[in-house]
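Undergrad:
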Amino acid sequence: MQRFCDLHCHILYGVDDGAQTIEESRALIDTAYATGTRTICFTPHYNPLRELESAGAEETFRTLSEEMKEKYPDLTLCLGAEILYHQRIADSIRRGACRTMNGTRFVLVEFLPEDDGRYIVQSLESISAGGYTPILAHADRYKSIVKRPKLAISLAEKEIPIQLNARSLLGRNGKRVRRFCHRLLKEGAAAVIASDAHDPNQLDARLDETYRIVADKYGAEYANAIFWHMPRVLLGLERD
Ligand SMILES: [Fe+2]
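Using my numbering, read the sequence shown as starting at 835 and increasing by one per residue.
1) Do Y847 and T877 count as a contact pair if the criterion is CB distance below 8 Å?
2) Can you list, in chain order, every residue whose CB sits closer than 7 Å to a heavy atom of ligand 1?
3) Taking the alpha-carbon positions, what's the E901 to I856 distance?
4) Assuming H842 is part of the beta strand (DSSP E), what are its boundary residues?
5) According to DSSP, simplified to helix, strand and coil, what is N936?
6) Spell out the partners DSSP gives P968 in its beta bridges.
7) Note down the Cα distance separating I994 from Y966, rounded to an integer number of angstroms.
8) For H1063, which option in L1018, L946, I1027 has the closest C-alpha, if you only look at C-alpha atoms?
9) On the three-pair Cβ rule with 8 Å, is the region 1035 to 1055 touching the region 860 to 870?
10) Thinking just about the alpha-carbon of each residue, which of R922, I979, G1008 is nearest to the one in Q997?
11) Terminal residues of the continuous alpha helix (DSSP H) containing A1028?
12) Which runs of the beta strand (DSSP E) spanning at least 3 residues fall entirely within the region 864 to 899, listed in chain order?
13) Please confirm whether G914 and R933 have their CB atoms less than 8 Å apart.
14) Count the other CB atoms within 10 Å of the CB of G937; is the residue buried (16 or more) or exposed (fewer)?
15) Which residues share a DSSP beta bridge with I917?
16) Let me make sure I understand the geometry here. Which of G930, L918, R975, Y1045 has the alpha-carbon closest to that of S957?
17) In the DSSP output, which residue or residues are listed as bridge partners for C912?
18) From this set, E904, E948, N999, F1014, which residue's C-alpha is nearest L1041's C-alpha?
19) Please report the straight-line C-alpha distance between K992 and H972, rounded to a whole angstrom.
20) Assuming contact is defined by CB atoms lying nearer than 8 Å, are A1039 and A1031 in contact in what I supplied?
21) Can you list, in chain order, the stretches of the alpha helix (DSSP H) that have 4 or more residues and sit fully within the region 1044 to 1073?
22) Rounded to the nearest angstrom, what separates Y867 and M835 at their Cα positions?
23) If you check the beta carbons only, do Y880 and E916 fall under 8 Å apart?
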């Protein structure tokens, strides 16, 4: 059976706008596991203006991990964060307000959907200059980047990993966004496809359907790289 690593999701309960209760976390993990996911990194939102909302994630993570170790011994769980871009990301990490991906030097960074593409590129470069390597969360969500796929491709060329949301490739965010995802895949510019799952009622946590689309069109080797190997490298679980 094909295994998947979900690098970006809001499955950890009670810390952001994703799962609210432990029951919702369990439902999302059950769906993920039943459809082939074997590594999950929980990435609660971190917004510097609403810092307290993401507090307590470590404790909740320990509780859920203990329970899942019993239920699914071959499921690896990690903790990261989805950080809303701000100029002091390195400071926020150093003082423990937010965290990198599973303790690595990689940070998952998001912007506002209407942010300018050039601003996004320059901001990501500034994080690299500060000693961390950004991963651009859901490149398919920024209108200016979707309009200009070359901006995303230029980031990939600078070895800034690009993450796409699985549901965009399924066409749930419209044809234009789906075309954008295919363009990046065709160019080999997407590093990771993840669920960004929030909602236990929407089968949000599964990656198997999207994997099949990618494997059929671009080959199993690339599909394995972006659904398993690359995200695990970014979490420090495998070597490049
Ligand atoms: Fe997210």
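The C-beta atom is built at its ideal place from N, Cα and C for all residues, glycine as well. From a predicted model like this one, the values you see are computed outputs, not experimental measurements.
TA: On the basis of the supplied data:
1) no
2) H842, H844, T877, H879, E916, E944, A971, H972, D1030
3) 10 Å
4) 838 to 843
5) coil
6) V941
7) 11 Å
8) I1027
9) yes
10) I979
11) Taken as a continuous stretch (DSSP letters only), A1028 belongs to no alpha helix (DSSP H), being part of the beta strand (DSSP E) at 1026 to 1028.
12) 871 to 876
13) yes
14) exposed
15) Y880, V943
16) L918
17) C875
18) N999
19) 17 Å
20) yes
21) 1054 to 1058, 1064 to 1068
22) 12 Å
23) yes
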